[in-house]
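This report concerns only the one structure given below.
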Amino acid sequence: MDVPGWPLDDRGAAYGDGLFETVLVRDGQPQLWLAHVERLARGCAVLGIPVPERAELERLLAAAPPGLQVLKLVLTRGSGGRGYRPPLPPTPRLRHQWLPFAPDTRNWVEGVRVRLCHLRLGSQPLLAGLKHLNRLENVMARAEWSDDAIAEGLLTDSDDRLVEATAMNLFWQRDGRLQTPWLGRCGVAGTLRDTLIERLGIDEVDVSVNELRKASAVWVGNSVQGIWPVRDLEDAEGVALANWSLNSVHRAFQAEAHALLGFETCFEACFDTRFDNLGK
0 MDVPGWPLDD RGAAYGDGLF ETVLVRDGQP QLWLAHVERL ARGCAVLGIP VPERAELERL
60 LAAAPPGLQV LKLVLTRGSG GRGYRPPLPP TPRLRHQWLP FAPDTRNWVE GVRVRLCHLR
120 LGSQPLLAGL KHLNRLENVM ARAEWSDDAI AEGLLTDSDD RLVEATAMNL FWQRDGRLQT
180 PWLGRCGVAG TLRDTLIERL GIDEVDVSVN ELRKASAVWV GNSVQGIWPV RDLEDAEGVA
240 LANWSLNSVH RAFQAEAHAL LGFETCFEAC FDTRFDNLGK
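Position 247, counted from 1, in the sequence shown is what numbering that gives the first Met the number 0 calls 246; the numbers after and before it change by one each time, with no gaps.
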């Protein structure tokens, strides 16, 4: 049965032919909005889907519920075409959803336990970095564990190169340098990740999991939850690979990221203190 406003022949539902964005919105003010709009436009250029009018997006924001919300935008090519052959011209369909949100501040403070996933991400440079609707790999990876004590799973490609977490990007510090996986083959280039790369000069590196074990600090994060410091790393069988004691380096990186998301007051309240920014 068709869902109202979302016909069964929509190409996003049938083929994953589309893009999505999840935007943190505080009292009608979207966080990292320009980065989200730019990533959506990049995806549209690659897929050949017309970019939504900025006025249409602004109208959605004008109707934002009060408080802290997550706005999910789903843009598909619409209906039409024959089989995999897309319609020319496309008639895009934009849907949205508002969800109330509260960050997991316990993970901010205590850090998290993460594991490696069995699943390996496929390589497709043309789609690398985009937040497209083909997320079955992430779904299958997240289905590998049900233990709530494990907050995230780390994904590698077929050559065992680090890529990302199932729903977050990955960061670490080694020899005094901040690093994050290079995403030239696969993975989602998060808006928080890209902004932090620009602000802090984070190095994008193409490395294996073994390099991560040499890091002095590790984090996972995205533009909704903020940054979670990693306390424990396990392999896919639950065998401990590394652990880290949380320190001022972890907190300084969190403070930089959380200021970008408007979480700075909430973050500092968790510790009743202020944290000096990295490199300041």
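By construction, the Cβ of each residue, glycine as well, lies at the ideal position given by its N, Cα and C atoms.
Asked, Found
"C-alpha gap between K71 and L87, whole angstroms", "27 Å"
"Cα-Cα separation, D156 to G186", "9 Å"
"The segment 23-43 contacting the segment 187-195, beta-carbon criterion three pairs below 8 Å", "yes"
"DSSP beta-bridge partners of S207", "R160"
"For R41 and E263, the rounded distance between their alpha carbons", "30 Å"
"Contiguous beta strand (DSSP E) assignments of at least 3 residues, all confined to the segment 39-91", "67-75"
"CB of G225 within 8 Å of CB of W107, strictly", "yes"
"Inter-residue Cα distance where the pair is D1 and F100", "Legend: pLDDT at D1 = 44, less than 50; position of this residue unreliable, value from coordinates given subsequently. Computed Cα separation, rounded: 28 Å."
"Paired residues, beta bridge with D103 - DSSP", "BP columns for D103 are empty, so no partner."
"Assigned exposure category for L195 - 16 Cβ within 10 Å defines buried", "buried"
"N- and C-terminal bounds of the beta strand (DSSP E) containing V111", "V111 to L120"
"Classification of T90 by the beta-carbon crowding that lies within 10 angstroms, buried from 16 upward", "exposed"
"Length-filtered (4 minimum) alpha helix (DSSP H) runs lying within the segment 139-200", "190-199"
"Under the three-state DSSP convention, the category P124 falls into", "coil"
"C-alpha distance - E136 paired with L118, whole-angstrom precision", "7 Å"
"Length of the line joining the Cα atoms of M167 and G220", "5 Å"
"Strand pairing of N221, partner residues [DSSP]", "G225"
"Among T21, R10, R198 and E233, nearest to G80 - alpha-carbon criterion", "R10"
"Contact check, V111 vs R184, beta carbons under 8 Å", "no"
"Unbroken alpha helix (DSSP H) run spanning V248, endpoints", "S247 to L259"
"CA-to-CA distance, A239 to W171, given in whole angstroms", "18 Å"
"Whether W97 touches P64 by CB criterion (8 Å)", "yes"
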